[in-house]
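What follows is a set of notes on a single structure, which appears directly below.
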Amino acid sequence: MTTSLADVAASNVTLRAFLHGLPGVDRVGADQRAAMLGTRSIKTTAKAEAIDLAIRMVDLTTLEGADTPGKVRAMCAKAVRPDPGDPTVPKVAAVCVYPDLVAQAVGALGGSGVKVASVATAFPSGRSSLDVKIADTAFAVAAGADEIDMVIDRGAFLAGDYLKVFEEISAIKAACGRAGDEQDAHLKVILETGELSTYDNVRRASWLAMLAGADFIKTSTGKVQPAATPPVTLVMLEAVRDFLAATGRKVGVKPAGGIRTTKDAVKMLVLVNETVGEGWLSPDWFRLGASTLLNDLLMQRQKMATGRYAGPDYFTLD
Amino acid sequence: MFEYAPAPESRDVVDIKPSYGLFIGGEFADGTGTSLKTVNPASEEVLAEVAVASADDVDRAVRAAREAFGTWSAMPGSERAKYLFRIARIIQERSRELAVLETLDNGKPIRESRDVDLPLVAAHFFYYAGWADKLQHAGYGADPRPLGVAGQVIPWNFPLLMLAWKIAPALAAGNTVVLKPAETTPLTALLFAEICRQADLPPGVVNIVTGAGETGAALVNHPDVNKVAFTGSTEVGRLIGRSVAGTDKKVTLELGGKAANIVFDDAALDQAVEGIVNGIFFNQGHVCCAGSRLLVQESIAEELLDALKRRLGTLRLGDPLDKNTDIGAINSAAQLAKIRELSDLGEAEGAERWSPVCPLPDKGFWFPPTIFTGVAQSHRIAREEVFGPVLSVLTFRTPAEAVEKANNTPFGLSAGVWTEKGSRILWMADRLRAGVVWANTFNKFDPTSPFGGYKESGYGREGGRHGLEAYLDV
Numbered sequence: 018m019t020t021s022l023a024d025v026a027a028s029n030v031t032l033r034a035f036l037h038g039l040p041g042v043d044r045v046g047a048d049q050r051a052a053m054l055g056t057r058s059i060k061t062t063a064k065a066e067a068i069d070l071a072i073r074m075v076d077l078t079t080l081e082g083a084d085t086p087g088k089v090r091a092m093c094a095k096a097v098r099p100d101p102g103d104p105t106v107p108k109v110a111a112v113c114v115y116p117d118l119v120a121q122a123v124g125a126l127g128g129s130g131v132k133v134a135s136v137a138t139a140f141p142s143g144r145s146s147l148d149v150k151i152a153d154t155a156f157a158v159a160a161g162a163d164e165i166d167m168v169i170d171r172g173a174f175l176a177g178d179y180l181k182v183f184e185e186i187s188a189i190k191a192a193c194g195r196a197g198d199e200q201d202a203h204l205k206v207i208l209e210t211g212e213l214s215t216y217d218n219v220r221r222a223s224w225l226a227m228l229a230g231a232d233f234i235k236t237s238t239g240k241v242q243p244a245a246t247p248p249v250t251l252v253m254l255e256a257v258r259d260f261l262a263a264t265g266r267k268v269g270v271k272p273a274g275g276i277r278t279t280k281d282a283v284k285m286l287v288l289v290n291e292t293v294g295e296g297w298l299s300p301d302w303f304r305l306g307a308s309t310l311l312n313d314l315l316m317q318r319q320k321m322a323t324g325r326y327a328g329p330d331y332f333t334l335d
Numbered sequence: 029m030f031e032y033a034p035a036p037e038s039r040d041v042v043d044i045k046p047s048y049g050l051f052i053g054g055e056f057a058d059g060t061g062t063s064l065k066t067v068n069p070a071s072e073e074v075l076a077e078v079a080v081a082s083a084d085d086v087d088r089a090v091r092a093a094r095e096a097f098g099t100w101s102a103m104p105g106s107e108r109a110k111y112l113f114r115i116a117r118i119i120q121e122r123s124r125e126l127a128v129l130e131t132l133d134n135g136k137p138i139r140e141s142r143d144v145d146l147p148l149v150a151a152h153f154f155y156y157a158g159w160a161d162k163l164q165h166a167g168y169g170a171d172p173r174p175l176g177v178a179g180q181v182i183p184w185n186f187p188l189l190m191l192a193w194k195i196a197p198a199l200a201a202g203n204t205v206v207l208k209p210a211e212t213t214p215l216t217a218l219l220f221a222e223i224c225r226q227a228d229l230p231p232g233v234v235n236i237v238t239g240a241g242e243t244g245a246a247l248v249n250h251p252d253v254n255k256v257a258f259t260g261s262t263e264v265g266r267l268i269g270r271s272v273a274g275t276d277k278k279v280t281l282e283l284g285g286k287a288a289n290i291v292f293d294d295a296a297l298d299q300a301v302e303g304i305v306n307g308i309f310f311n312q313g314h315v316c317c318a319g320s321r322l323l324v325q326e327s328i329a330e331e332l333l334d335a336l337k338r339r340l341g342t343l344r345l346g347d348p349l350d351k352n353t354d355i356g357a358i359n360s361a362a363q364l365a366k367i368r369e370l371s372d373l374g375e376a377e378g379a380e381r382w383s384p385v386c387p388l389p390d391k392g393f394w395f396p397p398t399i400f401t402g403v404a405q406s407h408r409i410a411r412e413e414v415f416g417p418v419l420s421v422l423t424f425r426t427p428a429e430a431v432e433k434a435n436n437t438p439f440g441l442s443a444g445v446w447t448e449k450g451s452r453i454l455w456m457a458d459r460l461r462a463g464v465v466w467a468n469t470f471n472k473f474d475p476t477s478p479f480g481g482y483k484e485s486g487y488g489r490e491g492g493r494h495g496l497e498a499y500l501d502v
């Protein structure tokens, strides 16, 4: 981080001054830009490439109270081999589960290259003590999670207590560390943009998370609507672009929640392509958090290859 | 690398005839002038041969309009409204066809003709259809009367939209019209003639005469024309002003512009960049109200220019029929020559020229998006209308200086203000001498909003309730 930004988090006053000094976001203009990019027509070879790239970017997710080891194992099988009938379909990027099911996922995926992400920090509300959140994270990390998807304290953010949010993210970042040569868990910070309400808040929360050490910024838990809308993703992409220019550190983006169709996913890729460019067009820097999206991608992929649509029963439900 | 595969809109949806006649008294007829060819500016392919109306043909058209005026003006407003609503609906139904034809004849990207031009054309007819039976409530007296025959001359930059701006209010108010489209873009007006027939519009209410300057002059100078409406260059506007002086013809002129797009240091930067791009590169800059002068506050000039240049690198120039094209073709060889001349002049005057890496197609008329920095108020590129994708960048230090520079032009059609501070928007809007002031947006049009200029940008207003005044005897 450049020295000019090193002191930003010295106090809540400096943090507030910095975040409120960022250029505003005009809602009408941002909506219009995202809508215009939504009219891009991605066909034939471009569509085929986009579908495979989108599959490689999927964080295949199950976050239900009813999740069981069996359900997670089934989902892991699907993550490695999304279409049992077609070995050319690439693997997804990761599976995303609750902390107590991380061990199951790690066991099922071992050596496949598909990463295990775990939500943590009193997901989805984030309403607990810092100790509990750290313990929650440490539990998932110890179970072998490659990635931690934490939630920020939206209450503190909306109350203007930016330092509290910053310190919490820093503490979770520390809890993602592993001893020795073992790789630290990557930290994705969920902003829950549906609760932040304004695009100005989305931009400020993005910078706050990045300043505190986020490896990825993520739109939503999937439990609150609206979730990953194109304009919110646009604002976050602009934030990572500007953060890279200001600090030299590159941060990834993960829209999650509400991305259900191939069309939705392709629109996201267009947003990435025309906002931050190809540097982010890889699963290392852009993920799509979704559960039902994968089957639509598979369906469209098969349609591109065979020229006809197969019914939903030809794609596995896991 | 994510390369978009070609996604061309099919041109099969439109059936272009090899030749077109004049539309007079509800019938298509040959012209007596030597016909002209209209080309696709993106490929230089000849699209069709189009009749040229001589002074005699124009006279026939005006007589047809005069004959129709009696019944059309006597018809209850509610009946006239039905025709206009019907036309609006047919335009919506045939919008794909119209959009493709507009793009072929004009060179503008299909994304713009489809998403901007055609929706606005239909909206204009819907809007004025609603006024036809409510004229007594428009604020022009208890029983405002139409003027008679309107002679209308429109430009090539928004062929069908300018037709809508002219014809919809004229017809709603009870006038009949003779319209001359531009010689390089006559085809959508001729398809509109077909739509008038499809809507069973009484013969003679709308007449379309094609041709170049002479045809326009014959129409404007015709003694039985009661109203002249013109959109185009200030140069031709002056000629028209001169020729109708001393007659009792009513005139509205919508002419050139050199709009200032003013960006303050507290603006929402990413959206301001979009607004600058939309302000000057929309429709290849062939927009009378284009934001061709960027006035940026010195404290953010560098940052904003970097962001703007980065954004221009993503603009997609090429086949106008491709749905992913952002910048289409320049409308004609003559316009291209003019843009080149003024740009070369800008360089000679000492401004710094920049364009993104942007390969141009071999055939057709093309000009890359271009920015001039280090421009002074005294440079000709800061004063004259380029009418192309060329942006002049100037800086200012204080709001007062911004106003002074923005107003320091013979034109006054539009302006843009970018700031997150509401009070400053109002302060600026009070002081900017421009017909339209956009706040945190640019090139936004709506049929309910009046549009027109100060100073050499013309007089009279089009659109909204104000637009009715131009077609009523008030």
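These protein sequences, in sequence, are chains A and B.
The first sequence begins at 18 in this note's numbering and counts up one residue at a time.
The second sequence begins at 29 in this note's numbering and counts up one residue at a time.
We put the CB at the ideal spot given by N, CA and C, even for glycine.
Measure the beta-carbon distance from residue i to residue j and round it to whole angstroms, keeping in mind my assumption that it falls under 8 Å.
i, j, result
"A/A96", "A/V106", "Not really, about 11 Å apart at Cβ, beyond 8 Å."
"B/L340", "B/N289", "Not really, about 15 Å apart at Cβ, beyond 8 Å."
"B/F277", "B/V256", "Reading off the sequence shown, one finds Lys at residue 277 of chain B, where the question assumed Phe. That belief holds up - the Cβ atoms of B/K277 and B/V256 are roughly 5 Å apart, short of 8 Å."
If you follow the beta strand (DSSP E) that residue i is part of, which residue opens it and which one closes it?
i, result
"A/I165", "164–168"
"B/R381", "380–382"
"B/Q325", "321–325"
"B/N235", "234–236"
"B/E330", "No beta strand (DSSP E) contains B/E330, which is instead part of the alpha helix (DSSP H) from 329–340."
"B/V42", "Premise fails: B/V42 is in no beta strand (DSSP E) and is neither H nor E."
"B/F310", "Counting along the chain, B/F310 falls outside any beta strand (DSSP E), and DSSP gives it neither H nor E."
"B/L281", "278–282"
Identify the residues that DSSP records as bridge partners of residue i: which are they?
i, result
"B/L419", "B/I399"
"A/T113", "Here residue 113 of chain A turns out to be Cys, not Thr, going by the sequence shown. Answer is A/T78, A/A134."
"B/I367", "Its beta-bridge partners do not exist; DSSP assigns none."
"B/F153", "None; B/F153 has no bridge partner."
"B/Q180", "B/L207, B/A257"
"B/S442", "B/V464"
"B/V90", "The partner list for B/V90 (beta bridge, DSSP) is empty, contrary to what the question assumes."
"B/Y48", "B/V78"
Please classify residue i as buried or exposed, where buried requires at least 16 neighbouring CB atoms within 10 angstroms.
i, result
"B/R142", "buried"
"A/D313", "buried"
"B/L129", "buried"
"A/T154", "buried"
"A/L36", "buried"
"B/H165", "exposed"
"A/S223", "buried"
"B/P387", "exposed"
Over the uninterrupted alpha helix (DSSP H) stretch that includes residue i, give me the two end residues.
i, result
"A/Q317", "310–323"
"B/A404", "Where B/A404 is concerned, there is no enclosing alpha helix (DSSP H), given that its DSSP letter is neither H nor E."
"B/A221", "215–226"
"B/T243", "241–249"
"A/Q121", "119–126"
"B/H494", "494–497"
Beta-carbon within less than 6 Å of residue i's beta-carbon, same chain only, minus the 5 sequence neighbours each way: which residues are those?
i, result
"B/V324", "V291, L332, T423"
"B/L249", "Contrary to the premise, residue 249 of chain B reads as Asn rather than Leu in this sequence. The answer, listed in chain order, is S271."
"B/R114", "A227"
"A/L204", "I165, K190, C193, A231, D232"
"A/G41", "D217"
"B/K65", "V74, E77"
Leaving out five residues before and five after residue i in sequence, what residues of the same chain have Cβ atoms less than 7 Å from its Cβ?
i, result
"B/L364", "I358, F393, F395"
"B/H152", "A192, W193, A196, P475"
"B/T216", "L126, L129, E130, D133, P187, L188"
"B/L460", "V431, A434, N435, A443"
"A/L32", "V25, A26, Y179, L180, F183"
Report all residues from its chain with a CB closer than 8 Å to the CB of residue i; omit the five preceding and five following residues, and keep chain order.
i, result
"A/L187", "Here residue 187 of chain A turns out to be Ser, not Leu, going by the sequence shown. Around A/S187: A229, G230."
"B/A221", "F51, F56, V234, I236"
"A/P247", "A51, A52, L54, G55, K284, M285, L288"
"B/R381", "S371, G374, E375, T398, I399, F400"
"B/R408", "L370, L373, G374, E377"
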